[in-house]
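Numbering (full-length UniProt numbering), first residue to last: 1 to 323.
Every residue gets a Cβ at the ideal spot worked out from N, C-alpha and C, and that includes glycine.
Only a predicted model underlies this, so the values are computations on that prediction, with no experimental measurement involved.
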């Protein structure tokens, strides 16, 4: 694996950089891309911020959000360096995967456990609470001062991937990093309102529908909800309106593993897994060609919803027995 210092040197030598995260982008993904992109602009680089999928409305407030090119729009540029953030497999790049076949230097920066078997320079730190933490360190190596716009992007990355610092991935170093960002002028109260306290009516309608599907195993240690494609379409909702639903499952007293099944297209499901106990949900997700972290993971599985639910729940229960 490449050192972060090597990636810093690579970026110093670059001239035309394109940065992207993964499909269905979240706060860590977008905050990290925006923060590093704005930092490279300060170094005089030609920078293109890209995303395989449109930015959820929730993140339109991010500094640099209006700079993003979506999907194939980003394939038209002339670049010498491609930086992939918060993604462990090429498939998660959507149409931007095509950039991997160009004559570009490819740098990968991530905190997810996975193969990461693509790219010239790969830096992965599973101990980092968010990719945003790694980007903060990288900007230090690049001698870029994370002034308020960059700092706000980094704060967004970290606060979303730590569940507002509630998850077990939050460390003393996480808090020290965030303290530095607040020293740069980040308005944490404002950002938390924007991120967590301004739900749309559609989001609550989706939650209402999802709660009707809430179920638990007889032991009460595993719980799940489902959102079908039909439900989303009937409400006129998008994938972004399912953001945070799994936290309601996770909050149930006695539940150690929470699951959310979301139908992307008919017969294709995104499965989210969260663990509050000792169960390694990354290992469970890997059985379905997914990945992630010890306490948070995901996979995309094809099949009938009821069958997939049964398979995943059984895999979780088996993992519990193995602990």
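Of the residues 214, 7 and 305, the one placed nearest residue 137, counting alpha carbons only | It is 7.
Okay, do the region 218-235 and the region 259-279 touch, 3+ Cβ pairs below 8 Å being the bar?
-> Yes, they touch.
Opening and closing residue of the beta strand (DSSP E) in which residue 82 lies | For residue 82, the enclosing beta strand (DSSP E) stretches over residues 81-85.
Decide if the region 272-283 is in contact with the region 245-259; the criterion is three or more beta carbon pairs, one per stretch, under 8 Å apart.
-> For the pair of segments examined, the region 272-283 was found to touch the region 245-259: the number of CB pairs separated by less than 8 Å reaches three.
Please classify residue 68: is it buried, with 16 or more other beta-carbons within 10 angstroms of its beta-carbon, or exposed?
-> It counts as buried.
For residue 168, collect the residues of the same chain with a Cβ closer than 6 Å to its Cβ; drop the 5 residues on either side in sequence, then sort them by chain order.
-> The residues are 295.
Return helix, strand or coil for residue 102, following the three-state DSSP convention.
-> DSSP places residue 102 in coil when its eight states are reduced to three.
Could you spell out the range, first to last residue, of the alpha helix (DSSP H) harbouring residue 196?
-> It spans 188-196 - the alpha helix (DSSP H) in which residue 196 sits, taken as one unbroken run.
Would you kindly report the start and end of the unbroken alpha helix (DSSP H) that includes residue 230?
-> According to the DSSP assignment, residue 230 belongs to the alpha helix (DSSP H) that extends over 229-235.
Around the C-beta of residue 153, are 16 or more other C-beta atoms found within 10 angstroms, so that it is buried, or is it exposed?
-> By the neighbour-count rule (16 or more Cβ atoms within 10 Å), residue 153 is buried.
Candidates 86, 170 and 250, of which the one nearest residue 215 by Cα | Selected option, being the one with the closest Cα: 250.
Beta strand (DSSP E) segments (min. 3 residues) lying fully within the region 12-50 | Correct list: 16-20.
Run the CB neighbour count on residue 60, radius 10 Å, all protein chains shown included, and call it buried at 16 or more, exposed below.
-> An exposed status is given to residue 60, since fewer than 16 other beta-carbon atoms sit within 10 Å of its beta-carbon.
Does the distance from the CB of residue 155 to the CB of residue 191 come in under 8 Å?
-> Yes, they are a contact pair.
What do you reckon, are the CB atoms on residue 316 and residue 271 nearer than 8 Å?
-> Cβ distance not < 8 Å, so residue 316 and residue 271 don't count as in contact.
Can we say the region 86-96 touches the region 15-25, given the rule of at least three CB pairs closer than 8 Å?
-> Yes: the two stretches touch, three or more of their Cβ pairs being nearer than 8 Å.
Exposed or buried, residue 288, counting other C-beta atoms within 10 Å across all chains shown (16 or more means buried)?
-> With 16 or more Cβ atoms within 10 Å of its Cβ, residue 288 is classed as buried.
Would a C-beta distance cut-off of 8 Å place residue 106 and residue 82 closer than the cut-off?
-> Result yes, Cβ atoms of residue 106 and residue 82 sit closer than 8 Å.
Examine the Cβ distances between the region 39-53 and the region 137-151 and report whether three or more of them are shorter than 8 Å.
-> The region 39-53 vs the region 137-151: in contact.
Okay, do the region 70-80 and the region 200-219 touch, 3+ Cβ pairs below 8 Å being the bar?
-> They do not touch, by the three-pair rule.
For residue 64, which of helix, strand or coil comes out of DSSP?
-> The DSSP-derived three-state label of residue 64 is coil.
State the DSSP-derived secondary structure class of residue 5, mapped to helix, strand or coil.
-> In this structure, residue 5 counts as helix in the three-state DSSP scheme.
Per DSSP, cross-strand counterpart(s) of residue 91 = DSSP, once it has assigned bridges, lists no residue as partnering residue 91.
Does the distance from the C-beta atom of residue 158 to that of residue 180 stay below 8 Å?
-> Judged by beta-carbon spacing, residue 180 lies beyond the 8 Å limit of residue 158, meaning their Cβ atoms are not closer than that value.
Whose C-beta lies closer than 6 Å to the C-beta of residue 220 among residues of the same chain, with five residues either side of it excluded?
-> For residue 220, same chain residues with a beta-carbon under 6 Å away, outside a window of 5 residues either side, are 254 in chain order.
From 267, 112 and 194, pick the residue whose C-alpha is nearest to that of residue 305; which is it?
-> Out of 267, 112 and 194, 267 has the C-alpha closest to the C-alpha of residue 305.
With residue 122 as the anchor, note down where its beta strand (DSSP E) starts and where it stops.
-> Note, residue 122: beta strand (DSSP E), 121-124.
Under 8 Å, do residue 2 and residue 123 count as touching if we go by C-beta distance?
-> Result yes, Cβ atoms of residue 2 and residue 123 sit closer than 8 Å.
Closest to residue 313 by CA distance: which of 269, 217, 243 and 292 is it?
-> Checking every option, the nearest Cα to that of residue 313 belongs to 217.
Return helix, strand or coil for residue 292, following the three-state DSSP convention.
-> Correct three-state label for residue 292: strand.
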